[in-house]
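Protein chains: 2
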Amino acid sequence: MAKRQVKRAEVIDLLAVHFLDTGLSDTGLRRLAEVAGTSDRMLLYYFENKEELVAAVLTHIASGLSASLTDMFGNRPLPPSALLEALWAAAKSEAFKPHLRLWLDLAANANRGDPLLISIAQKISTGWIDWMANLLDVPEANKDATAALILATVDGQLVLFPGEIARGEHAILQLIALFRGQAKAQE
Amino acid sequence: MAKRQVKRAEVIDLLAVHFLDTGLSDTGLRRLAEVAGTSDRMLLYYFENKEELVAAVLTHIASGLSASLTDMFGNRPLPPSALLEALWAAAKSEAFKPHLRLWLDLAANANRGDPLLISIAQKISTGWIDWMANLLDVPEANKDATAALILATVDGQLVLFPGEIARGEHAILQLIALFRGQAKAQE
DNA sequence: ATTATCTTGTAGCAGGCGCTACAATATTAA
DNA sequence: TTAATATTGTAGCGCCTGCTACAAGATAAT
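In order, the protein sequences belong to chains A and B.
Be aware that the first sequence starts at 1, since it is given in our numbering, and climbs by one per residue.
Be aware that the second sequence starts at 1001, since it is given in our numbering, and climbs by one per residue.
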């Protein structure tokens, strides 16, 4: 009778939505219990402690990421300029914002030194990079570096223009132009 | 007579160091009082409330930033590739890390929606961009975009590779190469 | 010298935090 | 049916949070 495991999975699903909605700040046990339709006592029955709960929810979100990414972009190879263009359009959309904000939250907390959060954040980062590297129509040797550059620039927008990501658009356009120039030079 | 103002300034100085050391997480009033050599009661005498305290310390750090930047880089115009190279070397150094981590902390909290933190973060961001735009040896029309691109990419490293910023170095090198290629194409 | 103002200490409030002890119930196994 | 086990509720612990009421001492103005 693994009712505990079933409930645990349900809780994770509900809390994933909540984390994406509100970030990592609104995570008191009593609040999470309310969101998940249970009690704090029960959360600590399903999970060892709060740390394990948070880790489970975040890794669940991370593992669902790849799927939604391929849904959104397919797997047709794209040149860097086109990929960045498409990614930037997505990043500006409301549907994408929760993921980006949560990721920023996670990175900031990880940079405080928490080893658990660091490992989770790194797993998510490499997930993004691998996915994008496979999608890039560039020489094998440049794939990872190009993917990291694209991602870092988009993330950087989030840091540089908080609350108003689209304001730094000219930086993205600049990078697109650089990619185009490079492509032309290689002809 | 205005002893309160004097003490207030001293407190801000001490707390600026503490914020740079530990980020925005360790900011309980009793802890800050200990660091500043006073009591929580006194902090709330010098400042209206905690919010005003944090704002004062952060803007103090922000206003000291320009000075230390020009100290470090002078004001000789540099091409984008050289500037990025120098900035990246600085970003990897221990001396610089506190500023970057604090900035990331600030951006993450601002992205939660706090209007006060948003305005502070934006002030700091534009400070960086303006400083760098003035330093860039590129056509006037491209200065802001190039500066934002460089900053966003370096910040993005912080998000993408938490706790281990140097691991994403190939992305930076990629951007440097793109800048070099662009410079050559324009000859 | 006497007010008035400025500065500071003591004590505590109401609420949140993660977590647990204990017991009651529900479910399964024998 | 009885006994073991799994699930859940109630209540509360000790500690932290931002903040405040109140009064005592220090300093200044009159």
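Glycine is no exception: its CB is placed at the ideal position from the N, C-alpha and C atoms.
Model, not experiment: these values are computed from the prediction.
Contact list for Arg30 (chain A) against chain B, beta-carbon separation under 7 Å: Stepping through the first sequence from its first residue, residue 30 (chain A) is reached at position 30. Those within 7 Å of Arg30 (chain A) in chain B number zero; the least Cβ separation is about 20 Å.
Mind checking who Leu136 (chain A) pairs with in its DSSP beta bridge? As a first step, residue 136 (chain A) must be located in the first sequence, where it is residue number 136. Per DSSP, A:Leu78.
Under three-state DSSP, which class holds Thr1027 (chain B)? What you label residue 1027 (chain B) is simply residue 27 of the second sequence in a count that begins at 1. Three-state DSSP puts Thr1027 (chain B) in coil, outside helix and strand.
Can you pull the chain B neighbours of Gly168 (chain A), defined as C-beta to C-beta under 8 Å? Counted from its first residue, the first sequence places residue 168 (chain A) at position 168. Under the 8 Å cutoff, chain B gives Ala1148 and Ala1152.
Where Ser68 (chain A) meets chain B, residues with beta-carbon distance less than 9 Å: As a first step, residue 68 (chain A) must be located in the first sequence, where it is residue number 68. Near Ser68 (chain A) there are no residues of chain B at all, since even the closest Cβ is about 19 Å away, more than 9 Å.
Does DSSP put Ala152 (chain A) in a helix, in a strand, or in coil? Indexing the first sequence from 1 puts residue 152 (chain A) at position 152. Helix, per DSSP.
Taking only beta-carbon atoms, is Gly1113 (chain B) less than 8 Å away from chain A? As a working mapping, residue 1113 (chain B) is identified with position 113 in the second sequence. Yes, because at least one Cβ of chain A sits closer than 8 Å to the Cβ of Gly1113 (chain B).
So is Val1159 (chain B) in contact with chain A if we call contact Cβ pairs under 8 Å? Your numbering for residue 1159 (chain B) matches position 159 in the second sequence. Cβ-Cβ to chain A under 8 Å: yes for Val1159 (chain B).
In angstroms, rounded to a whole number, what distance separates the CA positions of Leu78 (chain A) and Gly23 (chain A)? Counting from one through the first sequence, the residue named residue 78 (chain A) turns up at place 78. Counting from one through the first sequence, the residue named residue 23 (chain A) turns up at place 23. The alpha-carbon atoms of Leu78 (chain A) and Gly23 (chain A) are separated by roughly 32 Å.
So Thr59 (chain A) is in the alpha helix (DSSP H); what residue range does that whole segment cover? Counted from its first residue, the first sequence places residue 59 (chain A) at position 59. It spans Lys50 to Phe73 - the alpha helix (DSSP H) in which Thr59 (chain A) sits, taken as one unbroken run.
Ile226 (chain A) and Phe19 (chain A): beta carbons closer than 8 Å? Here chain A has residues from 1 to 187 only, and residue 226 (chain A) is not among them.
For Ala1147 (chain B) and Pro1139 (chain B), the rounded distance between their alpha carbons: Translated into the one-based positions of the second sequence, residue 1139 (chain B) becomes position 139. Translated into the one-based positions of the second sequence, residue 1147 (chain B) becomes position 147. Whole-angstrom Cα-Cα distance: 12 Å.
At a Cβ threshold of 8 Å, is Arg1180 (chain B) touching chain A? Numbered from 1 along the second sequence, position 180 holds the residue referred to as residue 1180 (chain B). No, Arg1180 (chain B) does not count as interfacial toward chain A.
For Val1035 (chain B), I'd like the list of residues in its chain whose CB is within less than 7 Å of its CB, leaving aside the five on either flank, ordered along the chain. Within the second sequence, numbered from 1, the residue matching residue 1035 (chain B) stands at position 35. Leu1014, Leu1015 and His1018, listed in sequence order.
Taking only three categories from DSSP, how would you classify Gly163 (chain A)? Locating residue 163 (chain A) in the first sequence gives position 163, where the first residue counts as 1. Looking at Gly163 (chain A) - three-state DSSP - the assignment turns out to be coil, as it is neither helix nor strand.
With distances taken from CA atoms, which of B:Arg1180, B:Trp1128, B:Val1011 and B:Glu1085 is nearest Leu1053 (chain B)? Within the second sequence, numbered from 1, the residue matching residue 1053 (chain B) stands at position 53. The candidate whose alpha carbon is nearest that of Leu1053 (chain B) is B:Val1011.
Please confirm whether Ile12 (chain A) has its beta-carbon closer than 8 Å to some beta-carbon of chain B. Residue mapping note: residue 12 (chain A) aligns to position 12 of the first sequence, counting from 1. Not closer than 8 Å to any Cβ of chain B, the Cβ of Ile12 (chain A) fails to qualify, so no.
Below-8 Å beta-carbon distance, Leu58 (chain A) vs any chain B residue: Position 58 of the first sequence holds residue 58 (chain A). No, Leu58 (chain A) lies away from the interface with chain B (no Cβ there is under 8 Å from its Cβ).
8 Å Cβ shell around Glu1051 (chain B) - same chain, five flanking residues per side excluded: As a position in the second sequence, residue 1051 (chain B) is number 51, starting the count at 1. Excluding sequence neighbours, Glu1051 (chain B) sits near Leu1116.
Are Leu178 (chain A) and Leu1029 (chain B) closer than 8 Å when you measure CB to CB? Your numbering for residue 178 (chain A) matches position 178 in the first sequence. Your numbering for residue 1029 (chain B) matches position 29 in the second sequence. The answer is no: Cβ separation not under 8 Å.
Look up Ala1107 (chain B) in the DSSP assignment and say whether it is helix, strand or coil. To locate residue 1107 (chain B), count along the second sequence from 1; it is residue 107. Residue state, collapsed to three classes: helix.
Beta-carbon neighbours of Pro1139 (chain B), restricted to chain A and to distances below 8 Å: Here residue 1139 (chain B) refers to the residue found at position 139 when the second sequence is read from its first residue. Neighbours of Pro1139 (chain B) on chain A: none; closest Cβ ~12 Å, over 8 Å.
What are the start and end residues of the alpha helix (DSSP H) that includes Asp21 (chain A)? The residue you call residue 21 (chain A) lines up with position 21 of the first sequence. First-last of the alpha helix (DSSP H) with Asp21 (chain A): Lys3 to Thr22.
Helix, strand or coil for Asp144 (chain A), going by three-state DSSP, please let me know. Within the first sequence, the letter at position 144 stands for residue 144 (chain A). Here Asp144 (chain A) sits in helix by DSSP.
What residues of chain A sit near Gly1023 (chain B), judged by a beta carbon separation below 7 Å? In the second sequence, counting from the first residue as 1, residue 1023 (chain B) sits at position 23. Those are Arg112, listed as they occur along chain A.
Based on Cα-Cα distance, which residue from B:Gly1074, B:Ser1039, B:Gly1037 and B:Met1042 lies nearest to Leu1136 (chain B)? Locating residue 1136 (chain B) in the second sequence gives position 136, counting from the first residue. Nearest in C-alpha terms to Leu1136 (chain B), of all of B:Gly1074, B:Ser1039, B:Gly1037 and B:Met1042, is B:Gly1074.
7 Å Cβ shell around Lys1007 (chain B) - same chain, five flanking residues per side excluded: By one-based count along the second sequence, residue 1007 (chain B) stands at place 7. If we look at Lys1007 (chain B) and ignore the five residues flanking it on each side, its Cβ neighbours are Tyr1046.
Against chain B, with Cβ distances strictly below 8 Å, would Asp130 (chain A) count as a contact? In the first sequence, the residue the question calls residue 130 (chain A) occupies position 130. Not an interface residue.
Residues of chain A with CB under 9 Å from Leu1104 (chain B), in chain order? Within the second sequence, residue 1104 (chain B) is the residue found at index 104, counting from 1. Neighbours of Leu1104 (chain B) on chain A, chain order: Leu104, Ala107, Ala108, Asn111 and Val159.
Just the C-alpha distance for Ala1145 (chain B) and Ile1172 (chain B), rounded to the nearest angstrom, thanks. The sequence position of residue 1145 (chain B) within the second sequence is 145, counting from 1. The sequence position of residue 1172 (chain B) within the second sequence is 172, counting from 1. Roughly 17 Å between the two C-alpha positions.
So, under 8 Å CB-CB, Leu100 (chain A) and Leu158 (chain A) are touching, yes? Tell me the CB distance rounded to an integer number of Å. Indexing the first sequence from 1 puts residue 100 (chain A) at position 100. Indexing the first sequence from 1 puts residue 158 (chain A) at position 158. Going by Cβ atoms, the distance from Leu100 (chain A) to Leu158 (chain A) rounds to 6 Å, so yes, they are a contact pair.
Sub-8 Å separation of Ala188 (chain A) and Ile118 (chain A) beta-carbons: No answer is possible for residue 188 (chain A): it lies beyond the span of chain A, which begins at 1 and ends at 187.
Using a Cβ cut-off of 8 Å (strictly closer), state whether Ile1176 (chain B) contacts chain A. Residue mapping note: residue 1176 (chain B) aligns to position 176 of the second sequence, counting from 1. Between Ile1176 (chain B) and chain A, the shortest Cβ-Cβ separation is not below 8 Å.
Where does Thr1126 (chain B) sit, in a helix, a strand or coil, going by DSSP? On the second sequence, residue 1126 (chain B) is found 126 positions in, with the first residue counted as 1. It is helical.
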